[in-house]
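Chemist:
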Amino acid sequence: MMNKKVLNESTLRQTRLKNALKRVDHEMFGICIVCEESIAIGRMLVRPESVRCVGCAV
Ligand SMILES: [Zn+2]
697 MMNKKVLNES TLRQTRLKNA LKRVDHEMFG ICIVCEESIA IGRMLVRPES
747 VRCVGCAV
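Quick note on this note's numbering: the sequence shown kicks off at 697 and runs consecutively.
Below, the structure is given as structure tokens:
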């Protein structure tokens, strides 16, 4: 039996990643949606789907 919860989470993550990749085409990629500062590249590498900077994520 497949673990449905894990499957759902990975699908959700894929969807978020796809959305993040869509933003690459726009200027908003790597830009915090709250303060519009650029998000640290280290954070983008760990979580490419990030839409908020470290300061705004908390
Ligand atoms: Zn921010």
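Ideal Cβ placement from N, Cα and C applies to all residues, glycine included. Keep in mind the model is a prediction, meaning the values are calculated, not measured.
Is any heavy atom of ligand 1 found at a distance shorter than 7 Å from the C-beta of Gly751?
Modeler: For ligand 1, at least one heavy atom lies less than 7 Å from the Cβ of Gly751.
Chemist: Would you say the beta carbon of Val730 comes nearer than 7 Å to a heavy atom of ligand 1?
Modeler: Result yes, Cβ under 7 Å from ligand 1.
Chemist: Under 7 Å from any heavy atom of ligand 1, does the C-beta of Arg733 make it?
Modeler: It should be pointed out that residue 733 corresponds to Glu in this sequence rather than to Arg. Yes - ligand 1 has a heavy atom lying nearer than 7 Å to the Cβ of Glu733.
Chemist: Are Leu713 and Glu745 close, meaning C-beta to C-beta below 8 Å?
Modeler: Yes.
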